[in-house]
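Participant: As you go down the protein sequences, you meet chains A and D in turn.
Everything in the first sequence is counted per this note's numbering, starting at 1 for the first residue and increasing by one.
Everything in the second sequence is counted per this note's numbering, starting at 84 for the first residue and increasing by one.
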Amino acid sequence: MTKERLLQCLGSTLWPSFLAAAVASVVFFAAIDPETLRVQTFPGLELSRMAGYTIGFFMFWAVGLFASGLTYVLSGGGNRRHE
Amino acid sequence: MSKGDDKVDLDVGMYAAREKIHPREVDGTFQRLRHLAVIVLLGIYYGLPWITWDGRQAVLFDLPARQFHIFALTFWPQDFVYLAVLLIIAALSLFFFTALAGRMWCGYACPQTVWTELFMWIERWTEGKRQQRLKLDKAPWSINKLLRRGSKHVLWVVLALYTGFTFVGYFTPIRELSVSVASFGLGPWETFWLLFYAFATWGNAGFLREQVCIYMCPYARFQSAMFDPNSLIISYDEKRGEPRGGRSRNIDHRAQGWGDCIDCNLCVQACPTGIDIRKGLQYECIACAACIDACNGVMDKMNYPRGLIRYTTDNAMEDKPSRILRPRILVYGVLLLALMSGTVYSLTQRTPLAMEVLADRNVLYRDVDFETVENVYTVRILNKDREARDYVLTVDGLPDAEVVTRPEHIRVDAGRTSQVTASVRVPRDEARGTGHTIEFRLTATDEADIARTSTARFHGPREE
Ligand code: SF4
Ligand code: SF4
C-alpha cells in the first residue's frame, strides 16, 4: 500500500498548497506590480513581468508546501495506514 | 511494500496500487446530458481565445500589460474589487447548487471530469470497450498491443499539449502564440506554462482520474456540510431492491420474495470511481449518474420500472416530502442575486477614467506675484477607455481659484497613463492659512459624463 500512501501524501500536500498559491498569487499580484518590486529590490536584474509572476507563484507554492508538509507529518499522516 | 503484500500490481507508476478502473460504457439520458456538457464546456475552453472583439482577442488576461479584457470590458488592477466579488459569487454559487442539487458540479462541469471524459473517449477509441481493455491489460506485449497503447499515448500527449497551448493563449494573444510555436520562437515562460499545464492535464485526466476526486479534492470532503435531507443525491432504493439476487426474467420475483435488484453488478462496473452505490452515499461518488443509466437499462430488459437507482433526496427515500424552497436555499439565493445584480449595475456605472493627485512636496507654496499664490501638483491620469480622449482639469473649493495645465487639453491614449503638472493659483487674500481643501475635477472634453474628482490640500501664506 506504499504507493497509495505516497499518492495520498502528495495529494494532501502538493495540491492544497497549489490552490493556496494560486489564490495568493492572484490577490498579491492584483495589488502589486512585480515590476515595482523588481525596481525596489534588484534594479540591476533583468526580469520580465512574466518572470516575476512565475517566481512569485512558485514562492507561494513552496511556502504552502512547507506548511502542508508539516501538517501532514504532525497529524500522523505519515504513519497512519490508509485502510 | 509491506509483508504479505504479494499481489502483483497491474499498474506501474507512482499513482496507485489499486487496479486501474475501466468503467463500463453506458448509454442513457444522463450520459447524453453529460456528453453534451463536456462538448459545450470544452468547446468554450478551446474556442474562446480565437474569438476577436473590437480588433483584439475577446478574452485575454494580459498579465504583462496588467489588463484583463473580457469582451467589451477591460479590467485594471484598480478594479480588484470585482475579482474579489467574483470569487465570492463563485463560492456562493457552489454552496447554492450543492444544497440544491448535490454534486452536480462534479458530474457535469468539473474540469477533472470533463477532461477525464475526453481522455476516456480516446482510450475507448484506441483500445476498445471495457472487456477489450481488460484483456489488453492482461495480454502480453504484441504488435497489436503496442499499436493500440502507442496511439493512445500519442493522442493523449498531443491533446494535452494543445490544452496547454490554449491555456497560455488566454494570457498571450493566441494568434501570435501559434506563430511563435510554429517558428519555434516561444519564450521561456510561455514554454514553461504550456508544458506545466499540459503535464497536469495529461497526468490528471490520463492517469490519476478518480483518484483526484478521492484523494485530492477538498470539495468532496466538505460537501456533507452543504447537504441536507432535501438535497438531490443519487441513491439506490434499498426498500425496492432488496433482497437482491439473480433470477429468470419470467418469474414473478415479488411472489418469490425477491427485490428488484438482480445483482448484475452493472452499476458497479459503470462507476468511474469504482464504488457500489448500493452501499449508500459515499464521498467517492461524483454524481455522474452512470449507475442510473446502467441500472435503468437493466430494469428495461427485465421489464421492471426504471429508477431503482435514481436522483432523489433523503427525505423522499424515507417517504417524507422534499422541499426545494428552504431557508438555506433562500438565503444563498438572495445573496447571490443581490451580489450579481450589484456587480452588473456597478459595471454599467463604471467611469473609464482614474485620476491621482500628488502635491509637490518640496515647496509648500510659491508667490506668483503680489496678488497670487500658487501650489503645484502632479496629476496622473489613467484612460481606461478603448479610445484616446482629451481631458480638462478644473478646480473648486477656494474662491477665484484657477488651474493651469500645459497643455490645457490633456490627451491620453486608450489604456494609457499620462502625467501632467497642474498649478493652482489663488488670490493671496483667499489663500491665507494652510490646509484648505480643494477639489480637482477632470472631465473629458467630448463627453461630460466621463469625469472624476479628487481632493487635495492647498497651502497659502500664514495669516497676518
Ligand atoms: S445495475 Fe441495478 S440491478 Fe444491476 S446490480 Fe446494480 S442496482 Fe442491481
Ligand atoms: S456511484 Fe454512480 S453516480 Fe456515483 S460515481 Fe459511481 S456511477 Fe457515478
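Every residue gets a Cβ at the ideal spot worked out from N, C-alpha and C, and that includes glycine.
In chain order, what residues of the segment 39-65 of chain A put their CB closer than 8 Å to some CB of chain D?
Facilitator: Under the 8 Å Cβ criterion, the segment 39-65 of chain A contributes S48, R49, M50, A51, Y53, T54.
Participant: Alpha helix (DSSP H) containing H236/D: first to last residue?
Facilitator: Unbroken alpha helix (DSSP H) run through H236/D: 226-251.
Participant: For S314/D, which three-state DSSP category applies?
Facilitator: DSSP places S314/D in coil when its eight states are reduced to three.
Participant: Contact check, T548/D vs V168/D under 8 Å by CB: the rounded distance?
Facilitator: Residue 548/D is absent from the structure shown; chain D starts at 84 and stops at 547.
Participant: Step through the CB atoms of chain D and report whether any lies within less than 8 Å of the CB of E83/A.
Facilitator: Note on E83/A: pLDDT 42, under 50, position unreliable in the model; the coordinate value appears next. No, E83/A does not count as interfacial toward chain D.
Participant: In whole angstroms, what separates the C-alpha of D88/D from that of Y366/D?
Facilitator: Because D88/D sits at a pLDDT of 38, beneath the cut-off of 50, its placement in the model cannot be relied upon, and the following sentence gives the value as read from the coordinates. Cα to Cα, D88/D sits roughly 27 Å from Y366/D.
Participant: Pick out whichever of M59/A, L65/A, A67/A, Q8/A has its Cα sitting closest to the Cα of S25/A.
Facilitator: The candidate whose alpha carbon is nearest that of S25/A is M59/A.
Participant: Under DSSP, the alpha helix (DSSP H) around D376/D begins and ends at which residues?
Facilitator: Looking at the DSSP string, the run of the alpha helix (DSSP H) that includes D376/D is 373-385.
Participant: How about L7/A: is its C-beta nearer than 8 Å to some C-beta of chain D?
Facilitator: Interface residue, yes.
Participant: For L277/D, count neighbouring Cβ atoms within 10 angstroms of its own Cβ and tell me buried if that reaches 16, exposed if not.
Facilitator: Answer is buried; the Cβ neighbour count reaches 16.
Participant: Can you give me the C-alpha to C-alpha distance between W272/D and A192/D, rounded to a whole angstrom?
Facilitator: Rounded to whole angstroms, W272/D to A192/D spans 29 Å at the Cα level.
Participant: Please classify S266/D: does DSSP put it in a helix, a strand, or coil?
Facilitator: Reduced to three states, the DSSP call for S266/D is coil.
Participant: Which first and last residues belong to the beta strand (DSSP E) in which T504/D is found?
Facilitator: T504/D -> beta strand (DSSP E) spans 500-510.
Participant: Check whether the segment 290-307 of chain D touches the segment 338-357 of chain D, counting contact only when three or more Cβ pairs, one atom from each stretch, lie closer than 8 Å.
Facilitator: Result yes; three or more Cβ-Cβ pairs closer than 8 Å.
Participant: In chain order, what residues of the same chain have a beta carbon less than 6 Å from the beta carbon of P160/D, not counting five sequence neighbours either side?
Facilitator: Once the five neighbours on either side are set aside, the close Cβ partners of P160/D are R149.
Participant: So is R149/D in contact with chain A if we call contact Cβ pairs under 8 Å?
Facilitator: By this cut-off, R149/D is an interface position.
Participant: For L413/D, collect the residues of the same chain with a Cβ closer than 7 Å to its Cβ; drop the 5 residues on either side in sequence, then sort them by chain order.
Facilitator: Same-chain partners within the cutoff: there are none.
Participant: Does any residue of chain A bring its CB to less than 8 Å from the CB of L166/D?
Facilitator: By this cut-off, L166/D is an interface position.
Participant: Under 8 Å between beta-carbons, which chain D residues line up against A31/A? List them in chain order, please.
Facilitator: Simply P160, F163.
Participant: Under a three-way DSSP split, which group does L418/D fall into?
Facilitator: Helix.
Participant: Using a beta-carbon distance cut-off of less than 9 Å, what residues from the segment 9-31 of chain A approach chain D?
Facilitator: Result list: L10, G11, S12, L14, W15, P16, L19, V23, V26, V27, F29, A30, A31.
Participant: Counting only runs of 4+ residues fully inside the segment 299-344 of chain D, write out the alpha helix (DSSP H) ranges in chain order.
Facilitator: With a minimum length of 4 residues, the continuous alpha helix (DSSP H) runs that stay inside the segment 299-344 of chain D are 301-309, 321-324.
Participant: Just verifying my parser: in three-state terms, what is the DSSP assignment at W159/D?
Facilitator: It is coil, neither helix nor strand.
Participant: Using 7 Å as the cut-off, classify the Cβ of T356/D as near or not near the heavy atoms of ligand 2, replying yes or no.
Facilitator: Result yes, Cβ under 7 Å from ligand 2.
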